[in-house]
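For the sequence shown, the working numbering begins at 1 and goes up steadily by one.
C-beta: ideal position from N, C-alpha, C; glycine also.
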Amino acid sequence: MNQKPYLQVTRDMFWMQFVWTLSFFGVMLLIHVIKITTSQFSEDEVSTFFASSSITSNIFMLVIGIISSSSFIKHYVGHGITRKDFFYGATIASITLSIIIPLMSALITQVISFIIKLADLPIVFQGYKSEHIDDGGNLISDMIQSVILTPIVELHSDPLLALLIFSLNILTSYIVGWLIGAAFYRFGTIAGLGSIALGGLVLYTEDVLMHAGLAIGMYNYTFTMPLYVSVFVVLVIVGIILCIIRQFTKRVAIKV
């Protein structure tokens with residue numbers, strides 16, 4: 001029996017982006033090893049690989065979301081795959097990647113910890129802290145910080161929660177990147193710039209909700225709410241953005 005088209009898209013897009021992820025993690029691991037090595041001489045504390053990759057993976061997923069929105073749809077539609085099948089396949093691939101990346105990061109973190117303990121190296125890992133930043137309530141500044149200072153739960157404190165927050169953060173980043181890329185591809189520069197503003201607002205809202213759910217103070221007007229409510233609202237927002245992307249790509253003309 002022939003494989004359903006959207007499953008073919010899922011498989012192909014996941015593996016292509018997974019290869020990109022391996023390259024990204026390779027660079028991250030090299031940087032982490034260098035930091036660990038230099039800390040032997042400076043006695044500086046080092047962030048865990050999980051914490052470091054949690055931050056950089058947001059930017060990575062944002063970028064590949066932008067890239068994938070135009071390059072992949074052109075390829076698949078050009079080979080007879082419907083825009084609907086592309087959308088479903090790309091969505092499933094992004095969700096799968098958002099689950100796999102935190103698991104990879106957790107595995108690498110545990111392996112590094114095991115090697116350090118086995119070698120009895122005097123490495124001190126510094127716990128990640130989301131600090132409150134007093135910026136006078138500047139929304140633009142807050143939106144920029146929401147990408148860089150993402151809420152993180154350390155792996156050793158609560159593994160399942162840490163993986164959940166990591167996955168949700170990078171999935172949101174990917175979907176925002178996809179939104180931006182799709183807007184530029186379908187409508188051009190003006191709408192594309194508008195999508196950047198919308199995407200920034202989405203990332204900022206997700207950041208505020210996660211900080212509220214985790215009871216981490218960051219912004220001047222920080223509030224708290226049950227974590228399950230924060231997660232649910234973020235998932236609803238992601239679903240709305242996916243619906244917008246679907247409308248953007250539903251009848252998009254493929255550029256040669």
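The Cβ atoms of S105 and F50 lie closer than 8 Å to each other. Burial check for Y204: the Cβ neighbour count within 10 Å reaches 16 or more, so the residue is buried.
Straight through space, the alpha carbons of P159 and R11 are spaced by roughly 28 Å.
Going by DSSP, E206 is part of the alpha helix (DSSP H) stretching over 189 to 213. Between the C-alpha atoms of I165 and V234 there is a straight-line separation of about 11 Å. In terms of Cβ geometry, T38 and T109 do not form a close pair [threshold 8 Å].
Under the DSSP assignment, P122 falls outside any alpha helix (DSSP H); it carries neither an H nor an E label.
Put simply, the backbone Cα of I237 is about 14 Å away from that of I170. Excluding the 5 residues flanking it on each side, Y76 has same chain C-beta neighbours closer than 7 Å at V9, F86, in chain order.
Rounded to the nearest angstrom, the gap between the Cα atoms of T21 and M13 is 12 Å. I244 is a Cβ neighbour of L179, given a cutoff of 8 Å.
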